[in-house]
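Right, one structure below, let's go through it.
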Amino acid sequence: MATFIPSSEEGNMNYFEAAFGDFAPHRDEDAAIKFVLNVIMLDNRLDELAELIVAGNSLGAIEGEPGWTLERRDEQDEGKACYGRWPSGARFRAYVDPQGYELAHPEFFMARDVIARYLSQAMDAYAAADVAGEHASALGRVRAALS
Numbered sequence: 027m028a029t030f031i032p033s034s035e036e037g038n039m040n041y042f043e044a045a046f047g048d049f050a051p052h053r054d055e056d057a058a059i060k061f062v063l064n065v066i067m068l069d070n071r072l073d074e075l076a077e078l079i080v081a082g083n084s085l086g087a088i089e090g091e092p093g094w095t096l097e098r099r100d101e102q103d104e105g106k107a108c109y110g111r112w113p114s115g116a117r118f119r120a121y122v123d124p125q126g127y128e129l130a131h132p133e134f135f136m137a138r139d140v141i142a143r144y145l146s147q148a149m150d151a152y153a154a155a156d157v158a159g160e161h162a163s164a165l166g167r168v169r170a171a172l173s
């Protein structure tokens, strides 16, 4: 198992530190959402993210290699057997497969207002690094979906 620490090596932009500050995969309870949002931003998957955060949208999850997921549970789905492990009131779940990356807490459940806070931090850092404004419209769609 590898421990993932996002970096800007090989020319990749790193929004992680600007968005979330320090990253301690061996103790951060929210490491999974930080990891997942970093990958989504680095892979420019903003349009999928904008769809995912809209309640009732047919897109219920975003996944990526190697083994991460950001999933939404709509209010009307609370209590269904397939969401049996979800805490009451949780609307989103970030998960990082421990076989791919070792995090002390590979799963993180959130209410909508909590994911909105993480998204705002990530998008602010992403926008600041997007000097040319190439992703401004996609960021705008994500921000609109949050409101």
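Throughout the sequence shown, residue numbering follows the numbering used here, covering 27 to 173 in sequence.
Every residue, glycine too, gets a C-beta built ideally from N, C-alpha and C.
Predicted model only: the values in this text are computed from it and were never measured.
Cβ pair residue i, residue j closer than 8 Å
| i | j | result |
| --- | --- | --- |
| Ile66 | Ala171 | no |
| Asp100 | Ala81 | yes |
| Glu133 | Arg117 | no |
| Leu85 | Glu74 | yes |
| Leu129 | Ala58 | yes |
| Leu72 | Ala164 | yes |
| His161 | Glu55 | no |
Burial state of residue i (16 or more Cβ within 10 Å)
| i | result |
| --- | --- |
| Glu89 | exposed |
| Val157 | exposed |
| Pro51 | buried |
| Ser33 | Caution is warranted here: a pLDDT of 42 is assigned to Ser33, below 50, making its placement in the model unreliable, and the coordinate value is therefore given only provisionally. Burial call: exposed. |
| Pro107 | Note on residue identity: the sequence assigns Ala, not Pro, to residue 107. Exposed: under 16 other Cβ atoms inside 10 Å. |
| Arg53 | exposed |
| Ala148 | buried |
Rounded separation between residue i and residue j - CA only
| i | j | result |
| --- | --- | --- |
| Glu91 | Gly105 | 29 Å |
| Tyr121 | Ala76 | 19 Å |
| Ala142 | Arg169 | 9 Å |
| Glu124 | Ser173 | For clarity, residue 124 is Pro in the given sequence; the question names Glu instead. Approximately 33 Å between the Cα atoms of the pair. |
| Asn38 | Leu68 | Reliability of the predicted coordinates at Asn38 is poor, the pLDDT of 37 falling under 50, and the value obtained from them is presented with this limitation in mind. Rounded to the nearest angstrom, the two C-alpha atoms are 8 Å apart. |
| Thr95 | Leu145 | 15 Å |
| Ser114 | Lys60 | 22 Å |
Continuous alpha helix (DSSP H) stretch holding residue i: start and end
| i | result |
| --- | --- |
| Val122 | From DSSP, Val122 is part of no alpha helix (DSSP H) but of the beta strand (DSSP E) over Phe118 to Val122. |
| Ala158 | Ala158 -> no alpha helix (DSSP H), and no H or E assigned at all. |
Opening and closing residue of the beta strand (DSSP E) in which residue i lies
| i | result |
| --- | --- |
| Phe42 | It is not in any beta strand (DSSP E) - Phe42 instead sits in the alpha helix (DSSP H) that spans Phe42 to Phe46. |
| Phe134 | Glu133 to Met136 |
Exercise for review: Write down every uninterrupted run of the beta strand (DSSP E) in the segment 56-102 whose length is 3 residues or greater and which is fully enclosed by it, in chain order.
Suggested key: 87-90 and 94-98
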